[in-house]
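>
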């Protein structure tokens, strides 16, 4: 008997292979691309920030592929990291690591709402709050009344829209205008974007390798999506997603160049959305607008599904629901003042500091002392203070990771000595 479309929204999940598994992972990791078109980011680092940003996350997904076989997944529709925190920690350590990993998920929400805010202001002017609340209401309805198979349908819609957008737009505009004209426009109006000898970009790239690795490990949607991929296909799915992620970064950079090559840009956090005003092809602008909305919707739907799976542990359910509502309302009320660059730096430091601790929780049997949460907390606070006082990203990342790694190696050595005694 043929399955109806409605049954796909209500029936149980099924395991997927490499191709669809890579698509599920791309749904999550295509979301950072608006960061490369933040005005502050472009002025400080130029167009090369987008390249090193996508390369960092591509390498982080590649690194995870080598360790994913060590992960002993439970049932599908689970979040592996929350299961490991429950298994490997107790007391204050469990409370701290569970809380900090929940908090780390809000970077995803901040980025998407800044994109939606910018999009709504460009299209609907002052109706942005009404649009955002309607969007959020529709999102919650779909999150609670569609099954995982329903989410699969949205994933397919997103992938079709993604590749259509990133295929048609660059081809059309580079054929119509020529690469020379677009390059000369960038060089005339924004010559600083083409400057590549900034030594700071190398330090940012090195730091972001650790930031990306930490974020991949603490990310709920990543572990949620991996739980639906067949065990023998997870490694190849991660490799495929990493490779496509890196390539798509160049496509988004090309669209950004198309969006700004004709003159000065406005004070926007997501400059790539100025493409909506390009007049050569109205239907391509509609396609890009559709992609922007679908991307935000599917990414947040994926996040909500992961939250639902992670919050099955009694006390955490009520607490995180209340905190989530509070943060979302606060986000909507203060969204005009949010800077994507400062957001990514703030969460980036936290993810980098957590990297050694989360690695130990996920892939080893090391039993961390009861005071471990104090060390992790102090490292995060100290690194954040140093970052925002000096503007240096690499130094706090390297120092905090070195201290955390040294502490964990000392803990491991003591446990080995105790086991041998």
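Residue numbers (our numbering): 3 to 423.
Cβ coordinates follow ideal geometry from the N, Cα and C atoms, glycine included.
1. So does residue 136 have its beta carbon nearer than 6 Å to some heavy atom of the ligand MG?
2. Name the residue from 347, 189 and 231 whose alpha carbon lies nearest to the alpha carbon of residue 217.
3. Classify residue 189: buried if its beta carbon has 16 or more other beta carbons within 10 angstroms, exposed otherwise.
4. Please name the residue in 53, 27 and 263 whose C-alpha comes closest to that of residue 244.
5. Thinking C-alpha only, which one of 45, 65 and 46 is nearest residue 237?
6. Is it the case that the segment 86-104 contacts the segment 262-277, given that we only count it when at least three CB pairs across the two stretches are under 8 Å?
7. Using the Cα positions of residue 313 and residue 203, report the straight-line distance between them to the nearest angstrom.
8. For the 8 Å Cβ check, are there 3 or more pairs between the segment 75-84 and the segment 221-234?
9. Considering only the beta carbon of each residue, do residue 122 and residue 133 sit closer than 7 Å?
10. Any idea what DSSP makes of residue 220, helix, strand or coil?
11. Among 396, 362, 392 and 395, which one has its Cα closest to the Cα of residue 412?
12. Just the C-alpha distance for residue 127 and residue 96, rounded to the nearest angstrom, thanks.
13. Got a sec, what are the start and stop residues for the alpha helix (DSSP H) residue 89 sits in?
14. Using a Cβ-Cβ cut-off of 7 Å (strictly less than) and excluding sequence neighbours within five positions of residue 437, which residues of its own chain qualify?
15. Can you tell me where the alpha helix (DSSP H) with residue 150 in it begins and where it stops?
16. Could you give the C-beta distance for residue 213 and residue 399, rounded to a whole number, given that I count them as a contact under 8 Å?
17. Which residues in the same chain have their Cβ closer than 6 Å to the Cβ of residue 161, if we skip the five residues on either side of it in sequence?
18. Is it right to say residue 358 is buried, meaning 16 or more other beta carbons lie within 10 angstroms of its own, or is it exposed?
19. What's the C-alpha gap between residue 74 and residue 109?
20. Going along the chain, which residues of its own chain have a beta-carbon closer than 6 Å to the beta-carbon of residue 210, five neighbours each way excluded?
21. Which stretch, first to last residue, makes up the alpha helix (DSSP H) that contains residue 30?
22. Report all residues from its chain with a CB closer than 6 Å to the CB of residue 388; omit the five preceding and five following residues, and keep chain order.
23. At which residues does the alpha helix (DSSP H) containing residue 313 begin and terminate?
24. How is residue 368 classed by DSSP in three states: helix, strand or coil?
25. Can you tell me where the alpha helix (DSSP H) with residue 388 in it begins and where it stops?
26. Is the segment 279-299 touching the segment 165-185 in the sense that three or more CB pairs, one from each, lie closer than 8 Å?
27. Who are the near neighbours of residue 353 in its chain, counting only those whose CB is closer than 7 Å to its CB and skipping five residues on each side?
28. In whole angstroms, what separates the C-alpha of residue 316 from that of residue 310?
29. Can you give me the Cβ contacts of residue 207 inside the same chain, cut-off strictly under 6 Å, excluding the 5 residues immediately before and after it?
30. Applying the criterion that 16 or more other CB atoms from any shown protein chain within 10 Å of the CB defines a buried residue, is residue 372 buried or exposed?
31. Give the DSSP bridge partners of residue 231, in chain order.
32. Please confirm whether residue 23 and residue 247 have their CB atoms less than 7 Å apart.
33. Determine the direct distance from the alpha carbon of residue 420 to that of residue 156, and round the result to whole angstroms.
34. Excluding the five sequence neighbours on either side, which residues of its own chain have a C-beta within less than 8 Å of the C-beta of residue 2, listed in chain order?
35. Alpha helix (DSSP H) containing residue 103: first to last residue?
36. Taking the runs of the alpha helix (DSSP H) that are 4 residues or longer, which of them lie wholly in the segment 231-310?
Considering the structure as presented:
1. Within the structure as shown, the ligand MG is missing, as the structure has no ligands at all.
2. Checking every option, the nearest Cα to that of residue 217 belongs to 347.
3. Classification of residue 189: exposed, given that the 10 Å Cβ count is below 16.
4. If we check each option's Cα against that of residue 244, 27 comes out closest.
5. Checking every option, the nearest Cα to that of residue 237 belongs to 65.
6. Three or more Cβ pairs closer than 8 Å define a contact, and the segment 262-277 falls short of that threshold against the segment 86-104.
7. Distance from the CA of residue 313 to the CA of residue 203, rounded to the nearest whole angstrom, comes to 39 Å.
8. Verdict: yes, contact present.
9. It is a contact, given that the beta carbons lie within the stated cut-off.
10. Shown here, residue 220 sits in a helix according to DSSP, grouped into three states.
11. Answer by Cα proximity: 362.
12. When rounded, the distance between both Cα atoms is 45 Å.
13. That run of the alpha helix (DSSP H) goes 82-90.
14. Nothing in the structure corresponds to residue 437, since the chain is present only between 3 and 423.
15. If you look at residue 150, you'll find it in the alpha helix (DSSP H) that goes 150-179.
16. About 7 Å separates the beta carbon of residue 213 from that of residue 399, a gap short enough to meet the 8 Å contact definition.
17. Hits under 6 Å: 25.
18. Per the 10 Å Cβ criterion, buried.
19. Near 27 Å, if we compare the C-alpha coordinates of residue 109 and residue 74.
20. Non-local C-beta neighbours of residue 210 in its own chain, meaning closer than 6 Å and more than five positions away in sequence, comprise 58, ordered along the chain.
21. Element bounds for residue 30: 20-31.
22. Here residue 388 has 398 as same chain residues with Cβ atoms under 6 Å from its own Cβ, once five neighbours each way along the sequence are excluded.
23. Run containing residue 313: none; DSSP gives neither H nor E here.
24. Three-state DSSP puts residue 368 in coil, outside helix and strand.
25. Annotation: the continuous alpha helix (DSSP H) that includes residue 388 extends over 374-392.
26. Verdict: yes, contact present.
27. Here the set comprises 106, 213, 216, 217 and 220.
28. Unreliable placement is indicated for residue 316, whose pLDDT of 47 sits below 50; no coordinate value is reported for it.
29. Excluding the 5 residues flanking it on each side, residue 207 has same chain C-beta neighbours closer than 6 Å at 54, in chain order.
30. So residue 372 counts as exposed.
31. DSSP output for residue 231 lists 18 as bridge partner(s).
32. No; because the gap between Cβ atoms is not below 7 Å, this pair is not in contact.
33. The straight-line gap from Cα to Cα measures roughly 52 Å.
34. What is shown of the chain runs 3 to 423, which leaves residue 2 out entirely.
35. Taken as a continuous stretch (DSSP letters only), the alpha helix (DSSP H) holding residue 103 covers 93-106.
36. Correct list: 236-262.
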